[in-house]
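Those letters in the sequence shown? Residues 210 to 548, by the working numbering.
Below: one structure, written as structure tokens.
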Amino acid sequence: MRTKLTVAAAALVLALALAACGEKKETVTPAASAPTQSLTLMLDWFPNADHVGIYQALAGGYFRQAGLNVHVQVPSDPAAPLKLVAAGKVDLAITYEPELLLARDQNLPVVSIAALVQQPLTSIVSLGSAHIHTPAQLEGKRVGDAGIAYQHAYLSTILAHAGVPAASVQEVNVGSDLLPAMLSRRVDATLGAYWNYEAIQLEQMGKHPNVIRMDQVGVPTYDELVVAVRASTLSAHADEIRRFVQALARGYQSVRRGPQAAVANLVRQNPGLDPKLQLASVHATLSSFFPANSSNPWGWQDQSQWNAYGEWMLSHHLISNPNAVVDASTNQVLAGQGV
């Protein structure tokens, strides 16, 4: 825990109203006399459309109104965020449900407190010219991935579900070069590209991609992006974390009301981003930022879904400790939920 996070907030004064239809609303605010508290938030990757609500919350002053000074960091190594959270070097991190379960299997004391993207983005993507529309058409093809164990398990699950012999598909480790590997014809398809990002890039390049979504072809659904915190941080500083999450919820609600303005804020704070790509990605992802059941608050995590995905990881020997799944996620800091 960073020392700047140690000052406890007192009585409730200012309102953090979550202005959205069907969303639970709650007043969670710092005392007027309480000093602003600093939090570090490390992203999972470079800033992009998935993070639009974070930058909207910064631009709209929602964190500041909650008595928080949030510092966003970009990881030099995508594997670093959870380790840094577990070590107390950063306060919160954006990560992936499978990565969080892997970390817990290695006894890292991390827990997910909110779902940022409520469904899988990872997909099998191919160029239109490859004519791969279904998993059955992967037979005899080369599929590139990043060499991650659970991506291999995804492919195995999908092929088995489609009745395709695994030996008939050549799996190629292309690292992070998913698009170049397809464009150069090194592979026929990739597993690991996002339907809301790389697929849109290909569409904007005129490549007419075909997309096969994981959760529609045999892989259990999961939350692609979640907010993670050290377990001891959550228990000792629940008020600060609760105010952070609800300010973040305001950011994503604001994105839903005005996607174009939100993307303008995202690009303004990250000038290297392509506005056209980011806007298309935000529009494609908008519904995935919110729970399917509108009676649940922003960030809601379905515990039965987490359990099912954890069981799948156990059955594929990706994790070995069933306790890694128990209490891996909590809704306690969401609007209308108890701390």
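Backbone N, C-alpha and C fix where the C-beta goes; we use that ideal spot for every residue, glycine too.
Which residue marks the beginning of the beta strand (DSSP E) containing Q246, and which one marks its end?
Working through the sequence shown from its first residue, we reach residue 246 at position 37. Q246 -> beta strand (DSSP E) spans Q246 to M251.
Counting along the chain, where does the alpha helix (DSSP H) carrying H172 start and finish?
Not covered by the structure: residue 172. The range shown for the chain is 210 to 548.
CA-to-CA distance, M423 to D375, given in whole angstroms
For the purposes of this step, residue 375 is taken as the residue at position 166 of the sequence shown. For the purposes of this step, residue 423 is taken as the residue at position 214 of the sequence shown. Note that residue 375 is Ala in the sequence shown, not Asp. Taking the straight line from one Cα to the other gives about 17 Å.
Tell me L301's beta-bridge partners as DSSP assigns them.
What you label residue 301 is simply residue 92 of the sequence shown in a count that begins at 1. L301 pairs with L250 and V438.
Residues of its chain near D354, where Cβ-Cβ distance is below 6 Å and the 5 sequence neighbours each way are ignored:
To locate residue 354, count along the sequence shown from 1; it is residue 145. Result list for D354: Q360, L400 and G401, in chain order.
Span of the alpha helix (DSSP H) holding E348?
Residue 348 sits at position 139 when you count from the first residue of the sequence shown. From DSSP, E348 is part of no alpha helix (DSSP H); its letter is neither H nor E.
Between A219 and R452, what straight-line distance do the alpha-carbon atoms span, to the nearest angstrom?
Residue numbering aside, residue 219 sits at position 10 when the sequence shown is read from its first letter. Residue numbering aside, residue 452 sits at position 243 when the sequence shown is read from its first letter. With a pLDDT of only 28 at A219, under 50, the local geometry of the prediction cannot be trusted, and no value is derived from it.
Taking just the CA atoms, how far does I357 sit from V383?
For this step, residue 383 is matched to residue 174 along the sequence shown. For this step, residue 357 is matched to residue 148 along the sequence shown. Approximately 11 Å, taken between the alpha carbons.
Contacts around R549, its chain only, beta-carbon distance under 8 Å, and the 5 residues preceding and following it disregarded
Missing from the structure shown is residue 549; the chain here goes from 210 to 548 and no further.
If you follow the alpha helix (DSSP H) that S365 is part of, which residue opens it and which one closes it?
For the purposes of this step, residue 365 is taken as the residue at position 156 of the sequence shown. A358 to A371 is the span of the alpha helix (DSSP H), which, as asked, contains S365.
Cα-Cα separation between A456 and H446, rounded to whole angstroms
Residue numbering aside, residue 456 sits at position 247 when the sequence shown is read from its first letter. Residue numbering aside, residue 446 sits at position 237 when the sequence shown is read from its first letter. One C-alpha to the other measures close to 16 Å.
Cβ-based neighbour list, W254, same chain, cut-off 7 Å, excluding 5 preceding and 5 following
Along the sequence shown, one-based indexing puts residue 254 at 45. The answer, listed in chain order, is P287.
What is the DSSP secondary structure of N316, counted as helix, strand or coil?
As a position in the sequence shown, residue 316 is number 107, starting the count at 1. Coil, per DSSP.
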